[in-house]
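Student: Structure provided below as structure tokens; questions to follow.
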Amino acid sequence: MGETGRKSACVTVRPTPIMIRMPRLPHPTPEELRRDPLPLRGRTALVTGASRRGGIGHAVARRLAAYGASVYLHHHVPHDAGQPWGADRPEDVVASVREALGDPDAEVLAGPGDLSDPAAPADLIATAASALGGRLDILVANHAQSGRDGSLDEIDAAMLDTHWAVDTRSVILLVQAYARLRAALPPGTPGGRVMMMTSGQDIAGGMAWELAYALQKGALASVTRSLSTALAEHAVTVNTVNPGPVDTDYMTGEDYDTVAAMFPAGRWGMPDDPARLIAWLATDEAGWITGEVINSEGGFRR
């Protein structure tokens, strides 16, 4: 109480916000509104996990090549060769992607790499960039560890460590090496894109029977926003795509039909379904999209 018997009034003085007016961008010209049939002409890309023609990596590489990019395909044939679906000869995968080239001056190259080796991601980035003329614009981290996994009762330390090394650690190390390359370019160099892959492990009932895989893919989804912030200063966008169930020859019979019935369209996703999205994210049209986890599941009903 003040001396007069009345309560003293508390006055809060709010600072006047400082408004910084950014120049308003002009409307696109009619020419800019017309789509370039080769929006990735002159760009370079590395796609990991492209060991076979039935996979998503191969489909992504074909789309990027069709859009005009030069593409370096990473493969780890021993891994896929040990799976029920098998692996293709690298030269056959390269030939298939080369057929899709939209720019006659673009190239398709390939090389191996065991990304469970901590040194392999940086080596792969350096090798791909050198093969593509010294610059790498687009990184698509499509590879993943297949094989031993299980429920909470079945997983063990070895399973967790194997999936961590391939599905998560190697991706972060790839992005790190890629970011260092981009940092050496002139500020604002266009075309920087990173796309990672997740699996919808956080939707509906999740993936309780594949906990090791779900854990590592969930980590990539969680770190997407942080990586997008870290790479923004290099004019690089970072997004993660959940392709949903895709027919890459790993399921047949009644189980295949059961999953197909869970899509409104009555069919599985095909490798080119997520490939179209990923290729578009690599173009300048998608330059305002970053830090997002995008579900491309065809309305899949879990």
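Count along the sequence shown from 1, add 208, and you get the number used in my numbering.
Glycine included, each C-beta is placed from N, C-alpha and C at the ideal position.
It should be emphasised that the depicted structure is a prediction, and the values quoted were computed from it without experimental measurement.
1) Alpha carbon to alpha carbon, what distance is there between Ile264 and Val279?
2) Tell me which residues share the same chain as Gly294 and place their Cβ nearer than 8 Å to its Cβ, disregarding the 5 neighbours each side in the sequence.
3) Assuming Val374 and His351 are in contact, meaning their beta carbons sit under 8 Å apart, how far apart are those beta carbons, in whole angstroms?
4) Can you give me the Cβ contacts of Leu344 inside the same chain, cut-off strictly under 7 Å, excluding the 5 residues immediately before and after it?
5) Are Thr448 and Thr437 touching if we call contact CB-CB under 8 Å?
6) Look up Ile525 in the DSSP assignment and say whether it is helix, strand or coil.
7) Quick one: what does DSSP say Arg343 is sitting in, helix, strand or coil?
8) Using a Cβ distance threshold of 8 Å, determine whether the region 418-430 contacts the region 458-476, with at least three qualifying pairs required.
9) Apply the 10 Å Cβ neighbour rule to His284 and answer buried if 16 or more other Cβ atoms are within range, or exposed otherwise.
10) Roughly how many angstroms separate the alpha carbons of Glu240 and Leu489, rounded to a whole number?
11) From Met404, Ala420, Ser304 and Val302, pick the residue whose C-alpha is nearest to that of Gly358; which is it?
12) What are the boundary residues of the beta strand (DSSP E) that Met404 is part of?
13) Which residues bound the alpha helix (DSSP H) around Thr466?
14) Quick one, are the C-beta atoms of Pro453 and Pro482 less than 8 Å apart?
15) From which residue to which residue does the alpha helix (DSSP H) around Thr370 run?
16) Can you tell me which residues form a DSSP beta bridge with Gly413?
17) Taking the alpha-carbon of Leu340 as reference, which of Met405, Val444 and Ala314 has the nearest alpha-carbon?
18) Can you name the residues that DSSP bridges to His235?
19) Could I get the ranges of all uninterrupted beta strand (DSSP E) runs contained in the region 243-294, with 3 residues as the minimum, in chain order?
20) Relative to the C-alpha of Met405, which residue among Gly310, Asp244 and Ser504 is closest?
Tutor: Reading from the atomic positions:
1) Distance between the alpha carbons of Val279 and Ile264: 15 Å.
2) Cβ within range, chain order: Arg260 and Asp288.
3) The Cβ separation is near 7 Å, so the contact holds.
4) Thr252, Leu254, Ile333, Ala336, Ala337, Tyr386 and Leu389, listed in sequence order.
5) No, the pair does not count as a contact, with Cβ atoms beyond the cut-off.
6) Residue 525 lies beyond the stretch modelled for the chain, which goes from 209 to 510, so this question has no answer here.
7) Residue state for Arg343 is assigned as coil, using DSSP reduced to three classes.
8) Not touching, per the Cβ criterion.
9) Counting Cβ neighbours within 10 Å, His284 comes out buried, since at least 16 surround it.
10) Their Cα atoms are separated by approximately 18 Å.
11) Ranking the options by Cα distance to Gly358, first place goes to Ala420.
12) Here the beta strand (DSSP E) through Met404 covers Gly400 to Met405.
13) Residues Gly461 to Ala468.
14) No, these two residues do not count as a Cβ contact at 8 Å.
15) Counting along the chain, the alpha helix (DSSP H) containing Thr370 begins and ends at Ala365 to His371.
16) Beta-bridge analysis with DSSP links Gly413 to no other residue.
17) Here the closest residue by C-alpha is Ala314.
18) DSSP, once it has assigned bridges, lists no residue as partnering His235.
19) Contiguous beta strand (DSSP E) elements confined to the region 243-294 occur at 252-255 and 278-283, taking only those with 3 or more residues.
20) In terms of CA proximity to Met405, Ser504 leads the group Gly310, Asp244 and Ser504.
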